[in-house]
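Sequence positions in the sequence shown follow the numbering used here and run 15 to 191.
The C-beta atom is built at its ideal place from N, Cα and C for all residues, glycine as well.
Quick caveat, the model's predicted, so the values are computed rather than measured.
Structure first, commentary second.
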Amino acid sequence: MTALLVFESMYGSTAAIAEAVAAGLADLRIPVTVCEVGLAEVPSFATRPSLLVVGAPTHQRGLSTPRTRDMARGEFAQSVSRGDGVREWLDQLVGHASGQSVAVFDTALAGRLAGSAAHTIGKRLTRAGATLVMPPESFVVTGRSSGLLPDELEKARSWGRSLALFAAAAAAAQRTR
Ligand SMILES: Cc1cc2nc3c(=O)[nH]c(=O)nc-3n(C[C@H](O)[C@H](O)[C@H](O)COP(=O)(O)O)c2cc1C
Numbered sequence: 015m016t017a018l019l020v021f022e023s024m025y026g027s028t029a030a031i032a033e034a035v036a037a038g039l040a041d042l043r044i045p046v047t048v049c050e051v052g053l054a055e056v057p058s059f060a061t062r063p064s065l066l067v068v069g070a071p072t073h074q075r076g077l078s079t080p081r082t083r084d085m086a087r088g089e090f091a092q093s094v095s096r097g098d099g100v101r102e103w104l105d106q107l108v109g110h111a112s113g114q115s116v117a118v119f120d121t122a123l124a125g126r127l128a129g130s131a132a133h134t135i136g137k138r139l140t141r142a143g144a145t146l147v148m149p150p151e152s153f154v155v156t157g158r159s160s161g162l163l164p165d166e167l168e169k170a171r172s173w174g175r176s177l178a179l180f181a182a183a184a185a186a187a188q189r190t191r
């Protein structure tokens, strides 16, 4: 089994969660490649990972747009993601996602009104034929640029370990079909 984790991050919190999720996958000996979205190639059929994990910050209750990324860069010129975001990457993935096992996460403010980039990513991927191995997950930030709540990194590592187990079970079920 292999995993590819693609993330977008402006202020660094989603990047930190991505590394923690990858550490959780690695705890269960899943070889994982972590890639900032601007550097991530869309996996072709031949290079498909067993599990694709996609994460992004929540902007305006969903995925970032060129405008919201510009707003973030206006506040923080050293943004981690410098170009296109997950929204544009998913546009390219359509047509390559059928049958792909996926998991999705975001960072967001606490509360029901925060919205969720992960739900948007999950919807787009399932519409393209992918299968979610676990429900979308959110990791909580204390403000736009002020970082994660304490314990979110440990929660992310633990989610990564669960992901490894669910993805392995999904792969085994597919083999017996
Ligand atoms: C333009 C903009 C809009 C945002 N809108 C939301 C929102 O609707 N809901 C929310 O929970 N967080 C919102 N946020 C806060 C982001 O969730 C937060 O900046 C992000 O989780 C931090 O992740 P990063 O450090 O990886 O960029 C917004 C941030 C920006 C810059």
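- When the Cα atoms are used, residue 103 and residue 136 turn out to be separated by approximately 14 Å.
- For residue 111, same chain residues with a beta-carbon under 7 Å away, outside a window of 5 residues either side, are 139, 142, 143, 144 in chain order.
- A direct Cα-Cα distance of roughly 28 Å separates residue 128 from residue 114.
- Taking 8 Å as the cut-off, the beta carbon of residue 65 is found closer than this to the beta carbon of residue 117.
- Residue 109 is not a Cβ neighbour of residue 51, given a cutoff of 8 Å.
- When DSSP reads this structure, residue 19 sits in a beta bridge with 48, 67.
- Excluding residues up to 5 positions away in sequence, 49, 51, 54, 68 lie with their Cβ nearer than 6 Å to the Cβ of residue 20 in the same chain.
- Our two residues, residue 121 and residue 62, have alpha carbons roughly 26 Å apart in a direct line.
- Where residue 121 is concerned, the enclosing beta strand (DSSP E) starts and stops at 115–122.
- DSSP, read as helix, strand or coil, puts residue 151 in strand.
- The three-state reading of DSSP puts residue 110 in coil, since its state is none of H, G, I, E or B.
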